[in-house]
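Novice: The sequence shown runs 2 to 126 under the working numbering.
For glycine and all other residues, C-beta sits at the position ideal for the given N, C-alpha and C.
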Amino acid sequence: MLTVDCRDVTLIKNELLVYVADQMAAIPTIKHDQFTLSALDDDDVVDAAEAVSAIREYLNSIDQGGNFAVVSINDMIEIRSITGKILEADPSASESQNNLYSCSHCGFVTQYEVELTTHMRIHYL
Ligand SMILES: [Zn+2]
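(1) What does DSSP give as the partner residues of Val72 in its beta bridges?
(2) Quick one: grab the DSSP three-state call for Gln24.
(3) Report yes if the C-beta distance between Phe69 and Ser82 is below 8 angstroms; otherwise report no.
(4) Enumerate in chain order the residues of its own chain whose CB-to-CB distance from His120 is below 8 angstroms, with the five nearest sequence positions on each side excluded.
(5) Let's see if you can read the secondary structure: which residues bound the alpha helix (DSSP H) around Leu117?
(6) Give me, in chain order, the residues of the same chain whose beta-carbon lies closer than 6 angstroms to that of Val10; leave out the 5 immediate sequence neighbours on both sides.
(7) So the alpha helix (DSSP H) Ser54 belongs to, where does it begin and stop?
(8) Can you give me the C-alpha to C-alpha distance between Lys86 and Val72, rounded to a whole angstrom?
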């Protein structure tokens, strides 16, 4: 299992998680400012190098590739701002929207993060 530290990019955490999990066919789980990626099969290993390149790809796709370093240390991947500028979710921005989680694959919406995580697994079977 890999842990991705998103504290400098909380604004794009959800999109990033979905993109990376999709690229790697891994099961994502959100934990505060981090998310983890687990292999579908217990015997499989989630490849850190593959995760790093998927994260870089995503950052490049939103023109942020030059602003963040993606560093992997053992089972931890850190996304760190190079410029000091971070992509932080605005806590004052629409509270109600922050309390909803929606599936980027089919649009399923739930109030509960854990329910969405469980739901998302059906797309990775
Ligand atoms: Zn779905």
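Specialist: Reading off the structure:
(1) Listed as beta-bridge partners of Val72 by DSSP are Glu79.
(2) Helix, per DSSP.
(3) Ser82 sits close to Phe69, with the two beta carbons spaced by under 8 angstroms.
(4) For His120, the CB contacts under 8 angstroms within the same chain, skipping 5 residues up- and downstream, are Cys104, Phe109, Thr111 in chain order.
(5) Segment 114-121, the alpha helix (DSSP H) holding Leu117.
(6) Excluding sequence neighbours, Val10 sits near Ile80, Leu88.
(7) Looking at the DSSP string, the run of the alpha helix (DSSP H) that includes Ser54 is 49-62.
(8) Looking at the two C-alpha atoms, the distance is approximately 17 angstroms.
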